[in-house]
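Beneath this line is the structure, given in structure tokens, with notes to follow.
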Amino acid sequence: MVKVAILGAAGGIGQSISLILKKHPLVDELALYDIVNAPGVATDLSHINTKAKVTGYNGVKELDAALTGADIVVVPAGVPRKPGMTRDDLFKINAGIVKGLATAIAKNCPKAFSCIISNPVNSTVPICAEVYKTYGCYNPKKLFGVTTLDVVRANTFVSECKGLDVSKTDITVIGGHSGTTIIPLLSQIPGVNFTESQIKSLTQHIQFGGDEVVKAKNGKGSATLSMAYAGALFVDKLLNAIVLNKTVTACSYVESPIAKADGIRFFSSALKIDKNGIVEYVPLGKLSEFEQNLYNECIPQLKVNIEKGVNFVAQSK
Ligand code: NAD
Ligand code: LMR
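Reminder that position 280 of the sequence shown reads as 280 in UniProt numbering, one-by-one numbering, no gaps.
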């Protein structure tokens, strides 16, 4: 029996990802938690004639029940950006929200896989790690910052540009999840050559795809539907690992040895994951000069974002 809990389930991402996961054949129970309207969303979804049993939990008094027995917890709780904001501007509100939810996860389902969507991911994942440590249940192999939307965007934009079959395109995106910390490894796509200007414009489009959506929504939030699709892709991989005993490959922002030599504790790269969590951090391989420069630019930014998350937990102890 596999239970997936969604925290922030009544929001733009939360509702859409819940709809997609309600259809997933490997989900037995879908627990929807929010501080508003979760029972409404749950009742609505519960009428869909698929296997997953949907339950709704409203408000902090019901949070423990939502999490008890969860195998996978997905966290899209928190505020989204408005035009002119950076993801880091969300830290003020979302850091406290994520810290509170991580505390509840540590208490109720310490062995669950955590999938953190709430921004700024570069800092919210370190926050979760530090909270889990406080409760003695931190397993770095099971804590994931969801960066799948960067991969989804890379696959879409590159296959549109080069006339590739998008269903067979799977681009590795490394670094973090904000602006220039997002590094698509276009040089590693087999059999595809780019002009210098294509590399520059595609990279910029992938790095700032989130800003494009924020601008187009004009004050009504950020990516929700493409994020729900991407988040569900990531959860599908975990379900295949947990239930079908497969080893799956996905990019995610995790505590990682990959950039440790540069003083970076959390980094996104391709990973192999099985039912116990990460089993391999796939080496980056050879970067082009352009990608190496992006990497060099990313490192100091990530360092600041990570320290901000770690310090937030240390200071609020
Ligand atoms: P939204 O405002 O539509 O939904 C957020 C939901 O969180 C709301 O229903 C709200 O009630 C709920 N919430 C607030 N505080 C809560 C708490 N303490 N416990 C439980 N639920 C709580 O926002 P959205 O568009 O769904 O975005 C949610 C987050 O996801 C934002 O921080 C956004 O920046 C982030 N995001 C991340 C990615 C990514 O690639 N990782 C992509 C898109 C959005
Ligand atoms: C995205 O990449 O779409 C999200 O991180 C949301 C945002 O604020 O851009």
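Don't be surprised by glycine CBs; every beta carbon is placed ideally from N, CA and C.
Across which residues does DSSP place residue i in a beta bridge pair?
i    : result
S268 : G175, Y253
S114 : V73, L143
P83  : According to DSSP, P83 bridges with nothing at all.
I182 : G175
F277 : Looking at the sequence provided, one finds Gly at residue 277 rather than Phe. Answer is D274.
K3   : E29
V248 : I273
With burial defined as no fewer than 16 other Cβ atoms inside 10 Å of the residue's Cβ, what is the status of residue i: buried or exposed?
i    : result
M227 : buried
G263 : exposed
H177 : buried
E160 : exposed
V304 : exposed
N119 : buried
I93  : exposed
From the beta carbon of residue i, is the nearest beta carbon of chain C less than 8 Å away?
i   : result
N58 : As a matter of chain content, chain C is missing from the structure shown, which is built from one protein chain.
Quick one: residues in its chain with C-beta nearer than 6 Å to the C-beta of residue i, no 5 flanking neighbours on either side, listed in chain order?
i    : result
M1   : D28
A70  : K3, A5, C109, A112
I174 : I183, S268, S269
L239 : L26
For residue i, which residues in the same chain have their Cβ closer than 7 Å to its Cβ, ignoring the five residues on either side in sequence?
i    : result
F290 : I199
T156 : V166
K286 : none
L149 : A223, S226, M227, A230
By Cβ distance below 8 Å, which residues in the same chain neighbour residue i in space, the five residues on each side in sequence not counted?
i           : result
I306        : N122, S123, P126, I264, R265, F266
A106        : V131, Y132, T134, Y135, C137
T247        : A241, K272, I273, D274, V279
residue 347 : A query on residue 347 cannot be resolved here, the shown segment of the chain reaching from 1 to 317 and no further.
V235        : V4, I17, L21, H24, I72, V74, C115
Could you tell me which uninterrupted beta strand (DSSP E) segments, each at least 3 residues in length, are contained entirely in the segment 26-66, listed from first to last along the chain?
29-34, 53-58
What are the start and end residues of each continuous alpha helix (DSSP H) run of 4 or more residues lying completely inside the segment 186-214, in chain order?
Listed in chain order, the complete alpha helix (DSSP H) runs (minimum 4 residues) inside the segment 186-214 are 196-207.
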